[in-house]
Amino acid sequence: MKLIFLFSILAMLGSSSYAKKSKHMPVRYLNKIYGQIHQNASRFSRVVSTFECGQPFKVASGDDRGFTKVIYASYEGFILTNHLSKSRPKDCWQDEYRKYFDFMNLGISEMHHWGRLQDLFLEGEVMP
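Start counting the sequence shown at 282; every next residue gets the next number (this note's numbering).
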């Protein structure tokens with residue numbers, strides 16, 4: 282009986298400390314049409330999963346060489362920092378053109394390829 286009571290006390294303490302830890306994580310939203318969580322802070326590392334514009338992520342740690350460590354459900358990894366915003370984007374193509382995207386019926390492999398393209402696309406200025 283004492284063992285069960287002790288176990289329940291430890292379980293409550295563990296779950297409350299976890300809730301406190303996850304409660305203070307800031308949330309960032311994906312602001313590109315498709316984005317990917319990478320295993321490491323590199324555009325070329327293994328892709329953990331692909332997400333659509335507007336997806337919320339909990340920020341685990343700040344900027345690391347242009348990447349932010351994020352958590353979504355059981356997924357944990359790195360997303361390009363410039364692909365995240367503090368507020369939910371209002372110009373997500375999937376929201377604005379819902380009928381078109383529903384008609385295209387994109388599968389997970391097409392979403393993965395579009396996400397890879399978005400990750401590998403270098404943004405910046407061109408030289409004259």
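C-beta atoms are modelled at their ideal positions from N, C-alpha and C, and glycine is treated no differently.
Distance check for Gly343 and Arg397, CA to CA, integer angstroms please. Annotation: Arg397 to Gly343 spans about 22 Å, alpha carbon to alpha carbon.
Quick one: give me the first and last residue of the beta strand (DSSP E) that Phe325 is part of. Run containing Phe325: none; DSSP gives neither H nor E here.
Between which residues of its own chain and Phe348 is the CB-CB distance below 8 Å, once the five residues before and five after are set aside? The beta carbon of Phe348 is closer than 8 Å to those of His319, Ala322, Ser323, Phe359, Ile360, Leu361, Thr362 in its chain, skipping five residues each way along the sequence.
Taking only three categories from DSSP, how would you classify Leu387? Coil, per DSSP.
Evaluate Lys302 with the Cβ neighbour count: other Cβ atoms within 10 Å of its Cβ, from every protein chain shown; 16 or more gives buried, anything less gives exposed. Residue placement at Lys302 is flagged as unreliable, the pLDDT there being 49, under the threshold of 50; the coordinate-derived value follows with that caveat. So Lys302 ends up on the exposed side.
The beta strand (DSSP E) that contains Asp376, what's its start and end? If you look at Asp376, you'll find it isn't in any beta strand (DSSP E); it sits in the alpha helix (DSSP H) that goes 374 to 377.
Which of the three DSSP states, helix, strand or coil, is assigned to Phe402? Three-state DSSP puts Phe402 in coil, outside helix and strand.
Coarse secondary structure for Lys380, derived from DSSP in three states: In the structure shown, Lys380 sits in a helix (DSSP, three-state: H, G or I).
Taking buried to mean at least 16 other C-beta atoms within 10 Å of its own C-beta, is His305 buried or exposed? Exposed, by the Cβ-count rule.
Boundaries (first-last residue) of the beta strand (DSSP E) holding Gly316: That run of the beta strand (DSSP E) goes 315 to 319.
Could you name the residues that DSSP lists as bridge partners for Gly358? Paired residues: Val351.
Quick check: the Cα distance between Arg379 and Arg309, rounded to an integer number of angstroms? Distance between the alpha carbons of Arg379 and Arg309 is about 23 Å.
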